[in-house]
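Working notes, beginning with the structure itself.
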Amino acid sequence: MAKIKGAVVIDKDRCKGCDLCVVACPADVLILGQEVNGKGYNYAQVANSDECIGCANCGYVCPDGCITVYKVKL
Amino acid sequence: MDTLEIIKPENKVYGKPRLMNDNPMHYCPGCSHGVVHKLIAEVVDDMGMAEKTIGIAPVGCAVFAYNYIDIDWIEAAHGRAPAVATAAKRLNPDKMVFSYQGDGDLAAIGTAETIHACNRGENIVIVFINNAIYGMTGGQMAPTTLLGMKTSTCPYGRNEHLNGYPLKISDLLVQLEGTCLVTRETVHTAAAIKKAKKMLRKGFENSMNGKGTSVIEFVSTCASGWKMTPDQSNKWMMENMVPMYPLGILKDK
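These protein sequence lines map, in sequence, to chains R and P.
Sequential numbering from 24 applies to the first sequence in our numbering.
Sequential numbering from 1027 applies to the second sequence in our numbering.
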């Protein structure tokens, strides 16, 4: 069976820490970290990069367009 | 495979739309406006109309919409976006014209302009963001506020004897001969966003084919005005807003 692997890149300076991407992710890849960005928000981070399936749900629901998603078939 | 090997331009499946610029958006965290802005930027770009689109920005939270999407914009007086859109479209029939309005703009002060633009069947698209509250000015009651919903001007909840009933303006617009597409969407999940994008594209195509006015209502959240987290407000919206404002296509001819 073809395996799919994804990767997520988050523009941390643009992120407002709304948490919608964390909720939308079906594979629990994203978390809101403890660090803050220049605006003082706890920005979203990739915690489990191995689990990412590249479904792009996080990208769709991000109101600020901070998320870029990549996907490959192995 | 290493993550760095995946991050290559040829593997990209989703990113910020090309027409959306890098200006930081003034919206609160988790605001539905951002997602709708992204959808408009994507649809306009997909249709190859970036140089031929005129947006009419409202008064309300989306007043600075012209700062975020790289198309031509006109700022209208409060509620008058459909009237300005009428003029823009009649003088430039080859341009794609849409107005972007909130519920305080479209359903309160701009009710007359909205109804008459739709009744004339102007070939424009009206993007209507309904979050049942005046977000920009601090969460006052709007015509669309639900019964019993607390806002800063009805702190004990909206009372039908004092404040009247929530205005389902899209249902009114369905009755008019001039509208060709009236639909109600949400943008709280990826599936709903994909569906909303299709309807938005259909509305824009209708306007270019001269079929009449398309009204795309987005039942949205206002996390700050509702005093909830963005995730809680999405759930609250599905539990309370959607029964009052049922989703789906209300009119398609």
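From the three backbone atoms N, C-alpha and C, an ideal C-beta is built for every residue, glycine too.
For residue i, the three-state DSSP class (helix, strand or coil)
| i | result |
| --- | --- |
| R1106 of chain P | coil |
| I1066 of chain P | helix |
| V92 of chain R | strand |
| M1027 of chain P | coil |
| D1278 of chain P | strand |
| T1079 of chain P | strand |
| D1098 of chain P | strand |
| G1130 of chain P | helix |
| M1270 of chain P | helix |
| V1085 of chain P | coil |
| V46 of chain R | helix |
| V84 of chain R | helix |
| K1228 of chain P | helix |
| R11 of chain R | In the structure as shown, chain R begins at 24 and stops at 97. Residue 11 of chain R is therefore absent and cannot be evaluated. |
With 16 other Cβ atoms within 10 Å as the buried cut-off, status of residue i
| i | result |
| --- | --- |
| V59 of chain R | exposed |
| E1203 of chain P | exposed |
| I1275 of chain P | exposed |
| R1106 of chain P | buried |
| P1181 of chain P | exposed |
| Q1127 of chain P | buried |
| A47 of chain R | buried |
| E1265 of chain P | exposed |
| I27 of chain R | exposed |
| M1174 of chain P | Reading off the sequence shown, one finds Gly at residue 1174 of chain P, where the question assumed Met. So G1174 of chain P ends up on the exposed side. |
| Y1094 of chain P | buried |
| A1129 of chain P | For clarity, residue 1129 of chain P is Asp in the given sequence; the question names Ala instead. The residue is buried, with at least 16 neighbouring Cβ atoms inside 10 Å. |
| R1116 of chain P | exposed |
| S1178 of chain P | exposed |
| N1156 of chain P | buried |
| L97 of chain R | exposed |
| E1148 of chain P | buried |
| N1232 of chain P | buried |
| A1091 of chain P | buried |
| G61 of chain R | exposed |
| Y1191 of chain P | exposed |
In DSSP terms, what residue i is bridged to
| i | result |
| --- | --- |
| Q1166 of chain P | P:Y1160 |
| T1112 of chain P | For T1112 of chain P, which the question treats as bridged, DSSP gives no partner whatsoever. |
| M1073 of chain P | Answer is none; M1073 of chain P lacks a bridge partner. |
| A30 of chain R | R:Y93 |
| Q57 of chain R | Answer is none; Q57 of chain R lacks a bridge partner. |
| N65 of chain R | R:V59 |
| F1244 of chain P | P:I1155, P:E1211 |
| T1239 of chain P | P:T1205 |
| S1233 of chain P | Partner(s): none; S1233 of chain P has no beta bridge. |
| M1264 of chain P | In the DSSP output, where bridge partners are listed per residue, M1264 of chain P has none listed. |
| V1123 of chain P | P:I1080 |
**Q.** Segment contact flag, the segment 1028–1035 of chain P with the segment 1061–1071 of chain P, C-beta cutoff 8 Å, min 3 pairs
**A.** Contact between the segment 1028–1035 of chain P and the segment 1061–1071 of chain P is absent, because fewer than three Cβ pairs lie under 8 Å.
Q. Which runs of the alpha helix (DSSP H) spanning at least 4 residues fall entirely within the segment 1149–1225 of chain P, listed in chain order?
A. Counting whole runs of 4 or more residues, the segment 1149–1225 of chain P contains the alpha helix (DSSP H) stretches 1186–1189, 1195–1200.
Q | Validate contact between the segment 1034–1049 of chain P and the segment 1195–1211 of chain P using beta carbons, cut 8 Å, 3 pairs | A | The segment 1034–1049 of chain P vs the segment 1195–1211 of chain P: no contact.
Q) Counting pairs of Cβ atoms below 8 Å between the segment 1214–1225 of chain P and the segment 75–84 of chain R, do you hit three or more? A) Yes: at least three Cβ pairs fall under 8 Å.
Q: Count the C-beta pairs between the segment 1043–1059 of chain P and the segment 1239–1250 of chain P that are closer than 8 Å, then say yes if the count reaches three, no if not.
A: Cβ pair count under 8 Å is three or more, so yes.
Q: Could you name each continuous beta strand (DSSP E) segment of 3 residues or more that falls completely within the segment 1034–1068 of chain P, going from the start of the chain to the end?
A: Correct list: 1038–1040.
Q: Decide if the segment 1220–1238 of chain P is in contact with the segment 1159–1172 of chain P; the criterion is three or more beta carbon pairs, one per stretch, under 8 Å apart.
A: With a cut-off of 8 Å, the segment 1159–1172 of chain P and the segment 1220–1238 of chain P do not count as touching, because too few Cβ pairs lie within range.
(Q) Whether or not the segment 1078–1085 of chain P and the segment 61–72 of chain R are in contact is what I'm after, with contact meaning three or more pairs of Cβ atoms, one per stretch, closer than 8 Å; do they touch? (A) No, they do not touch.
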